[in-house]
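Undergrad:
Residue numbers (the working numbering): 5 to 245.
1) Buried or exposed: which applies to residue 77, given that a residue is buried once 16 or more other Cβ atoms fall within 10 Å of its Cβ?
2) Give a yes or no on contact between the segment 15-29 and the segment 116-125, applying the rule of three or more CB pairs nearer than 8 Å.
3) Taking C-beta to C-beta, are residue 153 and residue 42 nearer than 9 Å?
4) Is the segment 194-211 in contact with the segment 107-122, if contact means three or more CB pairs nearer than 8 Å?
5) Between the segment 201-214 and the segment 153-170, can you find at least three pairs of beta-carbon atoms closer than 8 Å?
6) Can you find the residues in the same chain that come closer than 6 Å, C-beta to C-beta, to residue 12, ignoring five residues on each side of it along the sequence?
7) Can you tell me whether DSSP reads residue 76 as helix, strand or coil?
8) Check each candidate in 30, 146 and 166 and name the one with the smallest Cα separation from residue 73.
9) Could you spell out where the alpha helix (DSSP H) holding residue 32 opens and where it closes?
10) Which residues share a DSSP beta bridge with residue 6?
11) Can you have a look at residue 38 and say buried or exposed, based on whether 16 or more other CB atoms are within 10 angstroms of its CB?
12) Buried or exposed: residue 7, going by 16 or more other Cβ atoms within 10 Å of its Cβ?
13) Go through its chain and collect everything with a Cβ distance to residue 34's Cβ below 6 Å, but skip five positions before and after it.
14) Alpha carbon to alpha carbon, how far is residue 48 from residue 10?
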């Protein structure tokens, strides 16, 4: 089973490097790198959702070899959701489950703060808040020069999003939230309408940047849901239930 992962705004696939070492070998962690960062740093950034989805689908086709899960944190949750719809629309198998972490439901995206046009200092303040980066790093001109264009581009992509009501996804949908994040329970529970299968909403301690501090509990949750799917498959039960 493969776990395709999409990172938050401003981040690269390296955000999931530790997961490859910590999750069991039967769950193959496959981070999807977006253009303009990480291993694809020399490529142009992308603010166009259809172009981004075409890029992600091409990466998925190269790597997918069987049953898979989609995971996304924050902006990554939205991209994972849209990727699931795009893959199904292209005649591909649906994911067995979609995980949306600290990500406002697609139907409520219009209520999200507008950040793309804010000043560099305001963006850096946002970054310090949700990414827990040290002040010394944020003050480094080289880091700022590399990070700010990526962050601004990702925010522009998110702010250009327009929700389209479609048939609910056929896969399980597991939503995770942080108890001290600014996202409300309503922001997360509204994901329920996006699936006709199983839905869970689970809470972890921490704020929007809870991935690393709560890594043990988080990875245990992912492994629990993935193992449950494997057991259902072995028993001949519908995987998306």
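Backbone N, C-alpha and C fix where the C-beta goes; we use that ideal spot for every residue, glycine too.
TA: In short:
1) buried
2) no
3) no
4) yes
5) no
6) 77, 78, 79 and 80
7) strand
8) 30
9) Element bounds for residue 32: not the alpha helix (DSSP H) but the beta strand (DSSP E), 32-35.
10) 32 and 72
11) buried
12) buried
13) 6, 8 and 67
14) 18 Å
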